[in-house]
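Quick notes on the structure that follows.
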Amino acid sequence: MTRPARLLALAAALAAAACSHAGPRPSAEEPPPSPKPARPEAPRGETGLASYYARGLHGRLTASGERYDRHALTCAHRRYPFGTLLRVTDLESGRSVVVRVTDRGPFAEGRIVDLSYAAARALGMLERGLARVAIELAR
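Numbering (mature numbering (1 follows the signal peptide of the UniProt record, and there is no 0)), first residue to last: -22 to -1, 1 to 117.
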């Protein structure tokens, strides 16, 4: 094969190789995206102390943007997503109530949930102020 013919064959082979596609190369800087969980992470089956909102908070905005209504069955929790329905059971009386998470808190050490006045009344804990409770997702 003559030199010009060899150069032409080499150029054709290089052109054909340049047109092929090997797919995207993995980046060493970016890890592959991890699959998103079906639900936000939240605790399961907590037990601890519950308190309830002070009377003076009625009508104020909560972390979700809703106004706190002391007559509604709502609560504040640190991790459950807003709108989550929780069953709160008073471990002393056995009474339970289903509440909707509308706020963040409580931030007092040792407490796991802040209840609305209506929810605290349903549990019979108004005079005690605090109650040992169990929390679970309402089904």
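Every residue, glycine too, gets a C-beta built ideally from N, C-alpha and C.
{"Asked": "Give the straight-line distance between the Cα atoms of R57 and H36, rounded to the nearest whole angstrom.", "Found": "22 Å"}
{"Asked": "Since E114 sits in a beta bridge, which residues does DSSP pair it with?", "Found": "R65"}
{"Asked": "How about V111 and D81: are their beta carbons less than 7 Å apart?", "Found": "no"}
{"Asked": "Which stretch, first to last residue, makes up the beta strand (DSSP E) that contains A54?", "Found": "T52 to A54"}
{"Asked": "In the DSSP assignment, what are the bridge partners of S71?", "Found": "None; S71 has no bridge partner."}
{"Asked": "Going by other Cβ atoms of all chains shown within 10 Å of its Cβ, with 16 needed for buried, is residue 130 buried or exposed?", "Found": "Residue 130 cannot be examined here, being either before or after the span of the chain that is shown, -22 to 117."}
{"Asked": "Hey, quick one: how far does the alpha helix (DSSP H) through Y95 stretch, first residue to last?", "Found": "Y95 to L101"}
{"Asked": "Does R89 come out as helix, strand or coil in the three-state DSSP assignment?", "Found": "strand"}
{"Asked": "Helix, strand or coil for A28, going by three-state DSSP, please let me know.", "Found": "strand"}
{"Asked": "Which of the three DSSP states, helix, strand or coil, is assigned to A41?", "Found": "coil"}
{"Asked": "DSSP three-state label for R78, please.", "Found": "strand"}
{"Asked": "Looking at G102: is its Cβ nearer than 7 Å to the Cβ of S71?", "Found": "yes"}
{"Asked": "Taking the C-alpha atoms as reference points, what is the distance between T52 and G107?", "Found": "17 Å"}
{"Asked": "Using the rule of at least 16 other Cβ atoms within 10 Å of the residue's Cβ for burial, across every protein chain shown, is T25 buried or exposed?", "Found": "exposed"}
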